[in-house]
Every structure is written in structure tokens, then in C-alpha cells.
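A.B. asks: Per the numbering used here: the sequence shown = residues 9 to 513. Think of the CB as a built atom: it goes at the ideal place given N, C-alpha and C, for glycine as much as any other residue. Computed from a predicted model, the values in this text were never measured in an experiment.
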Amino acid sequence: MSVMQSQVEPRLAERAYQELLEALGEEKVTRNRTILFSYSGTALPLPKTMPDIVVSPRSVEDVQVTLKIANRLVVPVTPIASGTLEPSVIPRAGGIVLDTYAMNAIREINADAAYAVIEPGVSVGKLSRALAPYNFRTCLGSFPPGNSALLNYTLRGHGTHRSSGIDSEILGLEVVLPDGTLVETGSKAFSSRFPSATWHSPWGPLPDLRAIFLNACGTYGVITGGAVRVYDRNEVQTAPLFAFDSYGDAVRFMVRVSRANLVEHVVTWHWGLVTTVNVLAAGEMEGSEDFSLLFTMEPWQKPEDRPYNVAIPMYTGYAEDVEVHRKLLEKVAAENGGRPFEDEARERFPGAWHYWNSYAVEHQPCTAFMRGFAVGFGFMQILYAEPSKVVELEDWGLKHVYNGGLTFGTTYYSHCLDQGRTVFLRITPFVDPVDTEEHARAVEVYKSYIAEGMARYGAVPVRYDGINNYVEWAGGFGKLMKLIKQAVDPNNILNPGLRIYEGGW
Numbered sequence: 009m010s011v012m013q014s015q016v017e018p019r020l021a022e023r024a025y026q027e028l029l030e031a032l033g034e035e036k037v038t039r040n041r042t043i044l045f046s047y048s049g050t051a052l053p054l055p056k057t058m059p060d061i062v063v064s065p066r067s068v069e070d071v072q073v074t075l076k077i078a079n080r081l082v083v084p085v086t087p088i089a090s091g092t093l094e095p096s097v098i099p100r101a102g103g104i105v106l107d108t109y110a111m112n113a114i115r116e117i118n119a120d121a122a123y124a125v126i127e128p129g130v131s132v133g134k135l136s137r138a139l140a141p142y143n144f145r146t147c148l149g150s151f152p153p154g155n156s157a158l159l160n161y162t163l164r165g166h167g168t169h170r171s172s173g174i175d176s177e178i179l180g181l182e183v184v185l186p187d188g189t190l191v192e193t194g195s196k197a198f199s200s201r202f203p204s205a206t207w208h209s210p211w212g213p214l215p216d217l218r219a220i221f222l223n224a225c226g227t228y229g230v231i232t233g234g235a236v237r238v239y240d241r242n243e244v245q246t247a248p249l250f251a252f253d254s255y256g257d258a259v260r261f262m263v264r265v266s267r268a269n270l271v272e273h274v275v276t277w278h279w280g281l282v283t284t285v286n287v288l289a290a291g292e293m294e295g296s297e298d299f300s301l302l303f304t305m306e307p308w309q310k311p312e313d314r315p316y317n318v319a320i321p322m323y324t325g326y327a328e329d330v331e332v333h334r335k336l337l338e339k340v341a342a343e344n345g346g347r348p349f350e351d352e353a354r355e356r357f358p359g360a361w362h363y364w365n366s367y368a369v370e371h372q373p374c375t376a377f378m379r380g381f382a383v384g385f386g387f388m389q390i391l392y393a394e395p396s397k398v399v400e401l402e403d404w405g406l407k408h409v410y411n412g413g414l415t416f417g418t419t420y421y422s423h424c425l426d427q428g429r430t431v432f433l434r435i436t437p438f439v440d441p442v443d444t445e446e447h448a449r450a451v452e453v454y455k456s457y458i459a460e461g462m463a464r465y466g467a468v469p470v471r472y473d474g475i476n477n478y479v480e481w482a483g484g485f486g487k488l489m490k491l492i493k494q495a496v497d498p499n500n501i502l503n504p505g506l507r508i509y510e511g512g513w
């Protein structure tokens, strides 16, 4: 796929580079074309754009200096931190890529109030390891261990603690606005006047402006730190498995156990995903004969030798309590057409079972999902919908994607949010990484899936995708977003490619 050139006038880019170089030094500022190219896009089949400069700050002050220069010269800035697959990290306008991944300090682990204060370069794996001596765990999400914990927590809709109704893993944020102003949210907002202020609460007597920066992909400010919730590991951690012969049965099970507070989180896997991860996580081709199912069966069909869905409820507690919960889960599963699946999974799907055990029981982030990129790029169609509507969406969506020509490995996983008030569904066909025609077809299928899913089932997308302009679809809410953007970032330097506000630079 071709790479587009920056839209920044060359003399302006050179001036910005020289000022940044003088202020921050060669270690933090580069125009090396090989490095620039590595920031030009993602694995998504979307147009790529070369940035003019890459800045790697090491401190909040470095970020403030960078933004003050960019704002004065009116040069676009795309903030990132290990944004592996996110379309929000493509520097569509060129300019500066501000990569905060080198800011990787764990500033505090507060055992009293159960939170950790981290910088955006702290990975999920690093945070997990640091918490272990305190007998804490963190939200693993569905991202690999090398990804930024803080920045991925700002992308709403992922996590292992969402079923119980927590709105975000983030207690508070430290953010630099385009003019260099430092903002702290929640209980930390008063720290300039009262240095004893800590991060213990996301709220106070003032509005909860933390949410402005969640799901915003760096369009209102650059996140330089924040406090994230951590959780006791407890005496026992467990994730019993249950097999279901239909997605509707699995959704009803997820909603029941979430609303009854029997689980912290629950996720359902389609048989295609079980089959794929069983091979990938095994580290060898054991079970690879099952791979043929992905080529020979339509994804809405149920194979004879395995369940259509596997539900994985996750919870922790004292041993006596965990045992009672297991019996209650078995009861609810049976009432919804399900059955225990652990013994069968351990014997017949050792790779998948190993992944589930590592992730949900041992609470260790792993890379099994990422091995799937050896097979092809997983083009992710993600929507939320109400429980009954998401069942209809699954049936229509699988057929829409498959019949749109994206036939290989069309599969999904799904999980409850906010006690089943909404259900997350990610349908993922695999796309040939070098077939440009298939890339173009994948984009068109994606666009129609999102628009029709919203129209047919009242669903909503998870986040910016770089394809649709959700701000324009959002009516008065979209207008409010534009007004806030114009007030906070009048020159529109922060990630202008996401098109919240077309004015400015």
C-alpha cells in the first residue's frame, strides 16, 4: 500500500524540527526516514502517511515543550503509546508523532487505596509483574503484554472487570493540553493548592472531566500519567468453562451471571476462535487438522465435534465462596442449555485451555492472539448492542461479513459490559496482509457492517476507526465535541486526522 506524504509545508516542518532539536536534543527528536516510516501507519488496510518528525519524550516537561512549539507553529501532533493496531495512531496530516512509550515509570503502587500511578509507557506485562509482590492484579484486557496499560484503558470496552459495572479502569489522568497546561482530574485536581491530594477518587465537587480524554485518541490532550485501579488476587482465582450450542444461550448466561454479581467478567468465544487459538497457543501444529474447519464450514454453522460457543466466567474469592459460585454457575448454565466444558477442553483443546488458564486464572498476559498475524490480519468489526439485539446482530453479521467475500477464519468473541446492559461483539475475518484488492473489499465490508449494524440493531461502535466520521453522525453530541475541541485546541493540532474539528492548521 502506498504511503502518502505529509501535508505540512517542508520549510515549516524543518523549522519545527530545528526548534525541537534545540529544546530536547538528538536523543528525543529524529527525522530518520526509516524511523518515520515505521510510524506511518498500522497493520490495518488503511492509507498510510509519513510523519515529518518523531519525538520521544522522557518527561511531562518534554511533552509540554513539544506541544508549545507545535501549537505556536501550528504543526499537527499525533500522540501514541504502543498503539499497535489502532487507526487513531496514523499521522494522517503528517507533522509530529509524539511517542510517549519511553515514559515508562511506575510512580506509585498504593496498597491502601488499591491503585497504581503509571506513565503511558508502562506495559500491561510490566504492570502485572510489578503488582505481584503486593498480591494485586490488573485488568489484562484483550491486548498483548507489550501494549501500554494506561492508553489501552482509555479505549473503552475492554477488560476483565467490566461486567460488574465499573465505568473505567482509570481513576484519574494527568494530561497536557495543546498550550502546555497540565491538567489532573478527580481528587488529584487540587494538588497545586493542596499537595497532599492523591488519586483515590475519580470524582469531587467538580464535573468528571476525566471522560473527555477517554476514547478521545489524543484529540483533546496528551496523556502523560494516571492512576489505574488494581485488584486483590484473593485466595482463589478461577475461570470455569461452559459449552453452549447457540450464541443466544451464551448471551443469556452471560447476562444472568453478570447481573447476579456471580462473576467479575465473562466472555464468550465462537468455535472458530477456539479452533484458531488452540493451534496458535500450543506453539506447535498440534490440533492443526482442525484448521480445515475454517475453510470448509460457514461460521454460523455448528461443527459436530465441538460446541458453537464456549463461555469463560472469571471470578476470585475465598475457597469456600468460589466453590459455591461454581455450583451456581453450573445451575445457571444448565438453565440456559449449557454444560461444563473444562475437562473436555483440557483434553481436546490443550492450546486454548492453556491460554484461558494463563490469562484468566494465573492472570498472566500472553501473546497467543498475536501469533494469528502469521495467518493473516484480523480485520476487527466491533459493535455494542442490547442483549437481544446482539443475538440478531451475530447471526446477520457473520453472514454479512462472510458473504461479502471475507471468508477465511471469520470468527468472534463477545463479552458483557455493565452487568449486561450492553454486550460487546467483535467479528474478525482474517485478511491477506499483501492482497490490496482484499484490503479494499475488507474496508467496504467494514463500512457497511458498521452502518447497517447501527441502523438495524441500534448498535454503536467501540471507538474511532479511521473510516467513518462518527462525530458527524452524533448530532448534538457531535456539535458539543466540536465546541470542546475548538475551545481546548483552537489550532486543531492534536490528531486532526480524526476530523473532530476541520478548522485550524
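Give a yes or no on whether the C-beta atoms belonging to V85 and L502 are separated by under 8 angstroms.
C.D. replies: Here residue 85 corresponds to residue number 77 of the sequence shown, with the count starting at 1. Here residue 502 corresponds to residue number 494 of the sequence shown, with the count starting at 1. A contact, by the Cβ cut-off of 8 angstroms.
A.B. asks: Tell me which residue opens and which closes the beta strand (DSSP E) that F250 is part of.
C.D. replies: By one-based count along the sequence shown, residue 250 stands at place 242. F250 to F252 is the span of the beta strand (DSSP E), which, as asked, contains F250.
A.B. asks: Count the CB pairs spanning the segment 395-415 and the segment 453-462 that are closer than 8 angstroms, and state whether there are at least three.
C.D. replies: Result yes; three or more Cβ-Cβ pairs closer than 8 angstroms.
A.B. asks: From C225 to D473, what distance separates their C-alpha atoms?
C.D. replies: On the sequence shown, position 217 is the one that residue 225 refers to. On the sequence shown, position 465 is the one that residue 473 refers to. Their backbone Cα atoms lie some 11 angstroms apart in a straight line.
A.B. asks: Are the segment 132-151 and the segment 353-366 in contact at 8 angstroms, needing three or more beta carbon pairs?
C.D. replies: Touching, no, given that fewer than three Cβ pairs across the two stretches are closer than 8 angstroms.
A.B. asks: Determine, for F202, whether the minimum Cβ-Cβ distance to residues of chain D falls below 8 angstroms.
C.D. replies: No chain D appears in the structure shown, which is made up of a single protein chain.
A.B. asks: Tell me whether K493 sits in a helix, a strand or coil according to DSSP, three-state version.
C.D. replies: Along the sequence shown, read from residue 1 onward, the residue named residue 493 stands at position 485. Here K493 sits in helix by DSSP.
A.B. asks: So is E446 buried or exposed if we call it buried at 16+ other beta carbons inside 10 Å?
C.D. replies: Indexing the sequence shown from 1 puts residue 446 at position 438. By the neighbour-count rule (16 or more Cβ atoms within 10 Å), E446 is buried.
A.B. asks: Ordered along the chain, which non-local residues of its own chain (more than five positions away) have a Cβ less than 6 angstroms from that of I43?
C.D. replies: Mapped onto the sequence shown, residue 43 falls at position 35. The answer, listed in chain order, is V62.
A.B. asks: Return the first residue and the last residue of the alpha helix (DSSP H) that A78 is part of.
C.D. replies: As a working mapping, residue 78 is identified with position 70 in the sequence shown. Per DSSP, A78 belongs to the alpha helix (DSSP H) from V68 to L81.
A.B. asks: Determine which residues share a DSSP beta bridge with T246 and list them.
C.D. replies: As a working note, residue 246 is residue 238 in the sequence shown. T246 pairs with Y323.
A.B. asks: Report yes if the C-beta distance between V68 and T232 is below 8 angstroms; otherwise report no.
C.D. replies: In the sequence shown, the residue the question calls residue 68 occupies position 60. In the sequence shown, the residue the question calls residue 232 occupies position 224. A contact, by the Cβ cut-off of 8 angstroms.
A.B. asks: Cα separation between S254 and N344?
C.D. replies: As a first step, residue 254 must be located in the sequence shown, where it is residue number 246. As a first step, residue 344 must be located in the sequence shown, where it is residue number 336. S254 and N344: Cα-Cα distance of roughly 10 angstroms.
A.B. asks: Measure the alpha-carbon distance for V285 versus R356 and round it to whole angstroms.
C.D. replies: Sequence index remark: in the sequence shown, residue 285 carries index 277 (1-based). Sequence index remark: in the sequence shown, residue 356 carries index 348 (1-based). Going by the C-alpha atoms only, they are around 13 angstroms apart.
A.B. asks: Restricting to Cα atoms, I'd like to know which of D329, K335, S90 and R347 is closest to R314.
C.D. replies: Mapped onto the sequence shown, residue 314 falls at position 306. R314 has its Cα closest to that of R347, out of D329, K335, S90 and R347.
A.B. asks: DSSP three-state call for Q389: helix, strand or coil?
C.D. replies: Reading the sequence shown from its first residue, position 381 is the one you call residue 389. Q389 falls in the strand class under three-state DSSP.
A.B. asks: Can you grab the Cα-Cα spacing for the pair I114 / V236, in whole Å?
C.D. replies: As a first step, residue 114 is located in the sequence shown; it is residue number 106 there, counting from the start. As a first step, residue 236 is located in the sequence shown; it is residue number 228 there, counting from the start. Distance between the alpha carbons of I114 and V236: 11 angstroms.
A.B. asks: Comparing alpha-carbon positions, which option in L401, P186 and V11 lies nearest A101?
C.D. replies: Working through the sequence shown from its first residue, we reach residue 101 at position 93. Considering only alpha carbons, the answer is V11.
A.B. asks: Have a look at R1 and R23 and give me their C-alpha separation to the nearest angstrom.
C.D. replies: Lying before the first or after the last residue shown, residue 1 is absent from the chain, which here runs from 9 to 513.
A.B. asks: With DSSP as the reference, label F432 as helix, strand or coil.
C.D. replies: Translated into the one-based positions of the sequence shown, residue 432 becomes position 424. Looking at F432 - three-state DSSP - the assignment turns out to be strand.
A.B. asks: In or out: F303 buried (at least 16 other Cβ within 10 Å) or exposed?
C.D. replies: For the purposes of this step, residue 303 is identified with residue 295 of the sequence shown, where counting begins at 1. Exposed, by the Cβ-count rule.
A.B. asks: Report all residues from its chain with a CB closer than 7 angstroms to the CB of V97; omit the five preceding and five following residues, and keep chain order.
C.D. replies: Residue numbering aside, residue 97 sits at position 89 when the sequence shown is read from its first letter. So the list reads T50, T86, I88 and G91, once near-sequence residues are dropped.
A.B. asks: Quick check on this structure: which residue in G188, M58 and I178 has the alpha carbon closest to the alpha carbon of V496?
C.D. replies: Counting from one through the sequence shown, the residue named residue 496 turns up at place 488. If we check each option's Cα against that of V496, G188 comes out closest.
A.B. asks: By the three-class DSSP mapping on this structure, what secondary structure does M58 have?
C.D. replies: What you label residue 58 is simply residue 50 of the sequence shown in a count that begins at 1. Coil, per DSSP.
A.B. asks: Using only the alpha-carbon positions, how far apart do P373 and T246 sit?
C.D. replies: Along the sequence shown, read from residue 1 onward, the residue named residue 373 stands at position 365. Along the sequence shown, read from residue 1 onward, the residue named residue 246 stands at position 238. Their Cα atoms are separated by approximately 15 angstroms.
A.B. asks: Quick check on Y488: buried or exposed, where buried means 16 or more other Cβ atoms within 10 Å of its Cβ?
C.D. replies: By one-based count along the sequence shown, residue 488 stands at place 480. It should be pointed out that residue 488 corresponds to Leu in this sequence rather than to Tyr. With fewer than 16 other Cβ atoms within 10 Å, it is exposed.
A.B. asks: Hey, how far is the Cα of S199 from the Cα of F438?
C.D. replies: In the sequence shown, the residue the question calls residue 199 occupies position 191. In the sequence shown, the residue the question calls residue 438 occupies position 430. Answer to the nearest angstrom: the Cα atoms are 48 angstroms apart.
A.B. asks: Using the C-alpha atoms, what's the distance from F349 back to P141?
C.D. replies: As a first step, residue 141 must be located in the sequence shown, where it is residue number 133. As a first step, residue 349 must be located in the sequence shown, where it is residue number 341. Cα to Cα, the separation comes out at about 33 angstroms.
A.B. asks: Spatial neighbours of P59 within its chain, please: CB distance less than 8 angstroms, with the 5 preceding and 5 following residues excluded, ordered by chain position.
C.D. replies: Here residue 59 corresponds to residue number 51 of the sequence shown, with the count starting at 1. The answer, listed in chain order, is S14, L44, Y47, S48, T86, P99, G102, G103, I104 and V105.
A.B. asks: With distance defined between alpha-carbon atoms, name the residue in P65, V16 and L54 nearest to E35.
C.D. replies: Along the sequence shown, read from residue 1 onward, the residue named residue 35 stands at position 27. Comparing Cα positions, the closest option is P65.
A.B. asks: With H, G and I counted as helix, E and B as strand and the rest as coil, what does DSSP make of Y420?
C.D. replies: Walking along the sequence shown from the start, residue 420 turns up at place 412. Correct three-state label for Y420: strand.
A.B. asks: Which partner residues of D107 appear in the DSSP bridge assignment?
C.D. replies: As a first step, residue 107 must be located in the sequence shown, where it is residue number 99. Note: D107 sits in a beta bridge opposite I88.
A.B. asks: Cα-Cα, which of F144, R267 and L158 is closest to P2?
C.D. replies: This structure cannot settle anything about residue 2, because the visible part of the chain is limited to 9 through 513.
A.B. asks: If you run the structure through DSSP and keep just helix, strand and coil, what is A235?
C.D. replies: As a working note, residue 235 is residue 227 in the sequence shown. Of the three classes helix, strand and coil, the one that applies to A235 here is strand, per DSSP.
A.B. asks: Please determine, among F387, R507, G505 and G484, the residue with the shortest C-alpha to C-alpha distance to I458.
C.D. replies: Looking up residue 458 in the sequence shown gives position 450. Ranking F387, R507, G505 and G484 by Cα distance to I458 puts F387 first.
A.B. asks: For G256, name the three-state secondary structure that DSSP assigns.
C.D. replies: As a working mapping, residue 256 is identified with position 248 in the sequence shown. Residue state, collapsed to three classes: helix.
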